[in-house]
Amino acid sequence: MIIKYTLQRLLMLIPVSLSISVVIFLVVHLLPGDPIDNLMRVGSSPEDRLAMTVKYGLDRTLVEQYLLWIRSILSGDFGEAIVLRRPVSALIWQNLPYSLTLGALAFAFSSIVGMIAGTVSAVAKNPVVEQVVKAFILLGSTVPSFWLALLMILLFSVTLGWFPVSGAKTWTALVLPVLTIGFGGIALVARVTRVALVEIARQDFVTLLHAKGLSRSTILFRHLLPHAFLPVVTILALRIGWILGGAVTVEFVFGRPGLGSLLIRALGQRDYPVVQGCLLMLALAVMLGTLIGDVAQAALDPRVREATT
Amino acid sequence: MSEFLEVSRLSKRYTSKRGLFGAARSMYAVNDVSFRMTKGRVVGVVGESGCGKSTLARLILRLIEPSSGAVRFDGLDLLKQRPREMRRLRARMQMVFQDPYSAIDPRYTVADAVMEPFQIQGVRLSSAARSDMISGLLTMVGLNPQTASSYPHQLSGGQKQRIGIARALALKPALLVLDEPTASLDVSIQAQIVGLLERLQEEMGLTYLFISHDLALVKYFCDEVLVMYLGRVVEALPNTDAPARHPYTRTLLDSTFQPDPKLRRRIQPLAGEVPSPFDLGPGCAFAARCPRASERCRVETPLLAASGGGHAVACHHPD
Amino acid sequence: QEATFALPAGELGATSYNPVTSSNLNSATSLIYDRLIEQDADQSFHPHLATSWQESPDGMTWEFKLHPGVKFHDGEPFNAETIAAWIPTFAGTENAFMVEAIDKVVVVDPLTIKFVMKRPEPNMLYNLASSFMGVPSPKSYKALGKDYGVTTAVGTGPFKLESFSIGLETVLVRNDDYAWDSDLSVNQGAAKIAKITFREIPDQSTAFLELKTGGVDVLLGVPTDFLSIIKSEKAATIITMPGTGINYMPINTSVAPFTDIKVRQATALAINQKAILDSVYAGVGQEAHNFLISSLPESQVKPGLDVSFDLAKANALLDEAGWKRADDGVRAKDGQPLKVKLFTQNDTEFKRLTQVVQAQLKDIGMDAEITVLDSSTIRDEYKKNNHQLAVRGYDWNNADILDWFFSGARLGYPNISMWKDAKSDELNKTAMTNSKTSAERIANFRTYHEYLLSQFLFVPIYQPATNIAFNPKTVSVPEKVRGPRFRSQTIMDMQVLQ
Amino acid sequence: MSTILKVEALRVAIGALTPLSSVSFSLEKGETLGLVGESGSGKSLTAMAIMGLLPLIGGRITGGSVVFDGSDLTALPEPAYRKLRGGRIGLITQNPMTSLDPLKKVGSQIDVVARLHLGLDKSAARNRTVELLGELRIPEPASIYHLYPHQLSGGMKQRIVIAMALAADPDLLIADEPTTALDVTVQAQIIRLLSDLIRDRGLSMVLITHDMSVVAQACDKVVVMYAGTAVEYGTVAAIFDDPRHPYTKALIGCIPRGLAGAQRLKGIEGTVPSVAHYPQGCRFHPRCPRAEAICAAVSPPFIASRDGAAACHFAGAVG
Amino acid sequence: MNALAQSGVGRAFTTPLGLFSGGYILILLVVALTAPWITPFDVTIQDLANSNAAPGWPHLMGTDEFGRDVLSRVMYGARTSLSVSATAIGFSMIVGMALGAAAGYFGGLFERAVMTVVDLTWSFPDILIALMLVAIIGPGLSSTMFAIAVAYLAQFTRLTRAQIVQLKRETFIEATINLGATPAHILSRHLLPNAVAPVIVVGMLAIGDGIILEATLGFFGLGAQPPTPSWGAMMSSGTAQLFLAPWVIIFPGLVVAVTVIAINLFGDALIRALDIRERLRGT
Ligand SMILES: Nc1ncnc2c1ncn2[C@@H]1O[C@H](COP(=O)(O)OP(=O)(O)OP(=O)(O)O)[C@@H](O)[C@H]1O
Ligand SMILES: Nc1ncnc2c1ncn2[C@@H]1O[C@H](COP(=O)(O)OP(=O)(O)OP(=O)(O)O)[C@@H](O)[C@H]1O
Ligand SMILES: [Mg+2]
Ligand SMILES: [Mg+2]
Ligand code: NI
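In order, the protein sequences belong to chains A, B, C, D and E.
Heads up, the final residue of the first sequence is numbered 309 in the numbering used here, and it's a clean run with no missing numbers.
Heads up, the final residue of the second sequence is numbered 628 in the numbering used here, and it's a clean run with no missing numbers.
Heads up, the final residue of the third sequence is numbered 1126 in the numbering used here, and it's a clean run with no missing numbers.
Heads up, the final residue of the fourth sequence is numbered 1445 in the numbering used here, and it's a clean run with no missing numbers.
Heads up, the final residue of the fifth sequence is numbered 1728 in the numbering used here, and it's a clean run with no missing numbers.
The structure is reproduced here in structure tokens:
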């Protein structure tokens, strides 16, 4: 059942992606400026410029350009970067691993810490503990990430020398970026976890679990947390776009490549095929995220799954 | 007495998906229901949870559109009314809802809530008339006029239900549909509200459609009784003394306890469960639980057939 | 024997080491490839893969003698055939203009090559010295096709490409066979450093911290804001070398009030180059008084044409032009206040500079409102003629930059001054195409430059210096930096200290 | 007969409030005690206090004792209490719809009790569960075992909850309104099931309900609660035949019985006070038709009668 | 706003945290409103001789690279940052409520379309949306505002729609329909007024996020045009000075942090005072 449903949803992605592609194309071409200026160097002539414009099809009407683009997309080709001079798919492919590792780890960090923090603040009877946890949760989401990143570098890399300042070659270089991004996500996860736990703890079945003589920890781990997972998973699945593209600032400060940086660089140079390719990729990832969220929800919740009997 | 509400072959079908992945399935919340009401009478509707009582009430008031069938109110075909006419007509047919707790906008004071019907129907009142009207309505439903400035959260369930009744009666309707008005209230409050309703009916000559799951209450309160099971009316009792003829009605009666330890019942075991209302097959819906069910009951849907004295039963083997 | 370099901000984001098709090459390119000719800091040309060259008097042929015994990293020999195969690969690429004047390439003998020209090209040597003219191995170039420059890049240079992680780092290892150094480096054999990693660090603060913590040994290109900090840092030494660009303020001559040459002149005289050099650039670099970098002979213009700060004269000129000071200090004419738009690029240094310029313009009663734009948008605005003043810079060590920014054929962008003038275009044409030899070209460009200066089309502000910071504990750098930029010639003489 | 549960002068505080005070009753082995009262009268709190679950809602026992099978539970440490809960005392809660963990199969939710308290292994616990389900007249217990709660009807879920309470062979069942959320036909079946279990297994049960008819049908003894206190207790026969407390009497009078007009429902004037506003003296006095000055000033003591006692100044005089 | 909500705001001040955070916000608002008159130094006049002076007297937070007083600029920056964020969020809130209410009330295909778009933008990183928009509209405070508004539009639309859908199921809506009310009456008298409180609270919290987004845009060099001070612009130009004059970046950063925390705490207090936690669930 799940498989059939998933396939259906995947099919649905095609028309949605097509309409999104129109929007992306229009937005990108609305940007003032054009990529050719980034190719021209002192000494080239106005005629050279015209020749380039023709070469990249930028002299055609928008409709023609769109159709050409979408045709190549449908044949699995994201086109060729104008300024960056590489196939767009190759560029995405080179940057994706960096975004994925950083994103996945930050994701894991914020989910784990967030769930722990949320659980502690929901379960803690002690108001002091609750406030401390809350302050900790707030920490990451109340300062701009570049500020946090710079201060963390100052503390952990320069003063303490624990981690390299920047780079992406060693795992130690991942620690600070992961912390920076992860901190931002903790608040969200913790809040969702907390709300879910508080709400679920009010339900009759929890009283009944206590009445069965189960210990507090069994109840928490075997019964309450699985319920808290549901909203956390849904909200996180929706944030896949953030994982892949949202780390621009952190990538910039820590000198890491990534999809976000690629997109921003291409945006600055008006490298249309790259910007379009990246945005389409992100949009697809976002839609897949929604799908993953729904499927995960079904996997976790029999009510949603509604197994046939 | 004139025929004042006529419901004919009213049905409401709902389609819903089974879970996230399942196929669509459909059910009749109300299935082929017909009955008439005479002015000034109290007709009761009983049935278990989910049998379609509230849906029937909403259909009659055209709060939802039926899948098929017709409702005639005071000679007018309700389903043919255009929105504007329908809105005007609503002043004459009102409803008191099952859940008093959410029946008043939490941001409205009692006075606002009670005056809203006039505002909606475009009745302009001077401020003196307004305060007279408020205290008149509140007094009518047994509330202190001083409650006028309270917010709903400052009131008890019974008080809220009284305000619901005041709102419903503000425009002096001819028909009042009462959808389990006491179901969420304590017995002591239920008794107050029922008492109030009885008094109002006598004073104002109202016509009530009284919905309840409590057969004892319906028998106490109503002139006629319709018994519903899974969307259908299975028995229509012309008066509350009439002996039940449908096995389901009898089961209901047998399941009701008396507030007297000397009248303890021997509870008969009842086979089976209420079947899922979705995609019901042919035959009598009660057949699976019925002690008398025959082969015929499983293949042929019994129709509501009137016998003497307006007593109608939908059963192949009635008493 | 390893060293790590951080690339300067302007060289980030290269996606390939293919010099023929690329539009963005970084310093590592100069180590992988050799060029026929090298240019020095004084803009003079020196032999490298070409040991000598001869230009015909009419400028229609060039003959080059090639260095014998040169081998590519893939073992292929470098000879005249290499050149004959290489030049045509430019056709149809964005870099084609650099060899556009060459009609055909004739192999005279294995070590002699002749370019037959379509037209004289006095800029030939300059072009051949550019990094886009690094010579790739024709065999590998052909074999790898689109992947050339990404997975492998094969040149004759002192370093071989070991790995290239786009956007992150490039690792080069020494070419031990290297023996064809140019005379710009003292070292005439293989490089002294065995392995060099070029890292891309977009954020300057991060790059500085890397130098401080030993993550990198050399910062190629330190923004001026960091100079004072680095100077106070024990772990870093700074070399300052003349830059190859000018920061200036173009004036849009096509819109009021700058259609009036008096207002333009007043604006030009309002900028205090000295004060800017001291406050914004901490005294590093030079004041700019005309459009060209001072190492170019074309920059030596007639005295009196250089633009220098003169507040009194500026004010007098404005008074003369009818712009009277109002109570709030802002001038006005015909009820119209002297309020102008001042564009600048989205970059910390330019924003700083622009804020000072804004303050200085205030002194002549001009109220300039700053708009910060990204580089693509700003070009679009220029093309739409939405600008009045802008603070910007260029980086180019050749006088043909005058053509680029002031040619009547390029109005809007790059001709931000919107300057179209018959006499100017005449002088431009003479300088660009009617000069047969280098000497003639210099004279023609100087005349052109002088005319442009007389029209006050821009305000020269500052000649940036190139600042290199390195860790004196880990690397040594030769006293004198050779070449127009800190590139292969200097790196050949660097050493790693233990 | 021996006393299995004895509650004396129980007093419960939540924060600064005292929602429960002077609740006393005792229960003999094999008996069913009805705890009856309107919403908010403290019935569930009493159950929570007996189960030692007050900390869950931030409450604590501040006075009185709960003696179970000879030992006082108020002083029992938590680990020992955990053994008792589910082991010797089983709890059945009001709403079967929300009483099961929706993410776990119903079978495993029953198993866990036997595994925890009887030390059975997985398969033994499972067999036992299936057996128990059969005993509770659940059709096809082996396949029900693998279902999730949402796949069952309300009545079925309530049986699962009962099975959970019975899984470790407890001595005492506390059923907190086990049938309130169910339809009358299902209610009758559940009551019958519980009565059979009491009889067959020799269990004792505290049956909490707000429905006097259920008490009349199923209980041996009754405690009537009002506004956080017990107002009367006694045998069922005594309470119904000869209620001593005016509240008990009024409560019985609120139940519609017989046919319309036979006797007007009166209800009880006023509303139940909230915890923060419990009146001085007798808590019922503001609504009591018999109230006199003393009622507002002095909390009435229990006055014993034939088969029970009532907390009313006039309990002796009535009758 | 009715008395209920007013008393809610008042009640939010009754807890110590609510009082503390609310008080801070009030003071900040006063500073922002009166900044042109109360800053100790002019915020744009350069004093190059005095650049990068360490905190001390008379420059309590030091001076920046142009010798401008950091304290004055932080005070003035409150004006820019708060007004940018608040205007943007306010605008976003109004549009979001309209969209969400329409989607929730009318349902059907319209709702599906609106929610698909909204979910997509919601799932897209704010900073990317903002950077794209600023690139399209050009830099400046107005485009920063627009970018923030668009980035948060989804949140308000979702919240309002969820509220409306939930409210529509309430009996009192049905009761009002049954009295013959028009859709306009129901939307304007019942649905929107009931949905507004949570949206306002979330909007208030979003102002904090808006400040951070403005700062981040400032870091990328967009946002407020120099020499107008805004917290983001100050931090962004301060990164270069991080080691030479750390106060230039530290102080605005701290003020941002404290402000956002205060907004969050006060938001929590408000949620508790208005008792709308239930209604914020699931959004
Ligand atoms: N909008 C709807 N969509 C789908 N199914 C509905 C809808 N409204 C009601 N139903 C279904 O119709 C059936 C009848 O519902 P209805 O509310 O009329 O029952 P009822 O007799 O009033 O029950 P109760 O006594 O619990 O109020 C139920 O099974 C219910 O699930
Ligand atoms: N967690 C709590 N905090 C504060 N007061 C509470 C709490 N739980 C219950 N109360 C109060 O204690 C009183 C008794 O509640 P209890 O739940 O025992 O009533 P009940 O008789 O079971 O009512 P019902 O028939 O509605 O279940 C009520 O007035 C209630 O308001
Ligand atoms: Mg109903
Ligand atoms: Mg209870
Ligand atoms: Ni967002």
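Here a beta-carbon is modelled for each residue, glycine too, at the ideal position from N, C-alpha and C.
Cβ neighbour criterion (16 or more within 10 Å) applied to residue i
i: residue 47/A; result: exposed
i: residue 1439/D; result: buried
i: residue 1503/E; result: exposed
i: residue 620/B; result: buried
i: residue 10/A; result: exposed
i: residue 1166/C; result: With chain C represented from 629 up to 1126, any question about residue 1166/C goes unanswered, as that position is not in the structure.
i: residue 1490/E; result: exposed
Closer than 7 Å at the beta carbon, the chain A residues around residue i
i: residue 1225/D; result: 204, 205, 208
Whole-number beta carbon distance between residue j and residue i, since they are thought to touch under 8 Å
i: residue 208/A; j: residue 123/A; result: With a Cβ gap of about 19 Å, residue 208/A and residue 123/A do not count as contacting.
i: residue 1405/D; j: residue 1415/D; result: Not a contact, Cβ separation roughly 16 Å.
i: residue 739/C; j: residue 693/C; result: 6 Å
Beta-carbon neighbours of residue i, restricted to chain E and to distances below 7 Å
i: residue 399/B; result: 1623, 1624, 1625
Beta bridge counterpart(s) of residue i as assigned by DSSP
i: residue 1302/D; result: 1334/D
i: residue 824/C; result: 631/C, 800/C
i: residue 1163/D; result: 1351/D
Beta-carbon neighbours of residue i, restricted to chain B and to distances below 7 Å
i: residue 1351/D; result: In chain order: nothing, as chain B lies at least about 12 Å away.
Cross-chain neighbours of residue i in chain C, by beta carbon under 9 Å
i: residue 1511/E; result: 907, 980, 983, 984, 987
i: residue 253/A; result: 830, 831, 833, 834
Residue i: contacting residues in chain C (beta-carbon distance under 7 Å)
i: residue 1591/E; result: Those do not exist, as residue 1591/E stays about 15 Å from chain C at its closest Cβ, beyond 7 Å.
Within chain D, partners of residue i - CB distance below 8 Å
i: residue 460/B; result: Under the 8 Å cutoff, chain D gives no residues; its nearest Cβ is about 16 Å from residue 460/B.
i: residue 215/A; result: 1208
Where residue i meets chain C, residues with beta-carbon distance less than 8 Å
i: residue 1682/E; result: 976, 979, 980
- Between the stretch 637–645 of chain C and the stretch 779–795 of chain C, do three or more beta carbon pairs fall short of 8 Å? yes
- Task: Flag this pair as touching only if the stretch 483–497 of chain B and the stretch 1344–1359 of chain D have three or more C-beta atom pairs under 8 Å; answer yes or no.
- Result: no
- Query: Can we say the stretch 367–385 of chain B touches the stretch 563–575 of chain B, given the rule of at least three CB pairs closer than 8 Å?
  - Reply: no
- For the 8 Å Cβ check, are there 3 or more pairs between the stretch 246–265 of chain A and the stretch 1243–1258 of chain D? no
- Query: Pairing CB atoms from the stretch 599–613 of chain B with CB atoms from the stretch 1311–1319 of chain D, are three or more of them under 8 Å?
  - Reply: no
- Would you check if there are 3 or more beta carbon pairs closer than 8 Å linking the stretch 727–746 of chain C to the stretch 700–719 of chain C? yes
- Task: For the stretch 946–955 of chain C and the stretch 1102–1114 of chain C, state whether three or more C-beta atom pairs, one from each stretch, are separated by less than 8 Å.
- Result: Verdict: no, contact absent.
- Using 8 Å as the Cβ pair cut-off and three pairs as the minimum, do the stretch 1596–1610 of chain E and the stretch 1639–1651 of chain E touch? In short, these stretches touch, since the Cβ pair count reaches three.
- Are the stretch 992–1008 of chain C and the stretch 17–33 of chain A touching by the rule of at least three beta carbon pairs closer than 8 Å? yes
- Would you call the stretch 511–520 of chain B and the stretch 340–353 of chain B in contact, with 3 or more CB pairs under 8 Å? yes
- Contact between the stretch 1587–1602 of chain E and the stretch 1559–1571 of chain E: three or more CB pairs below 8 Å? yes
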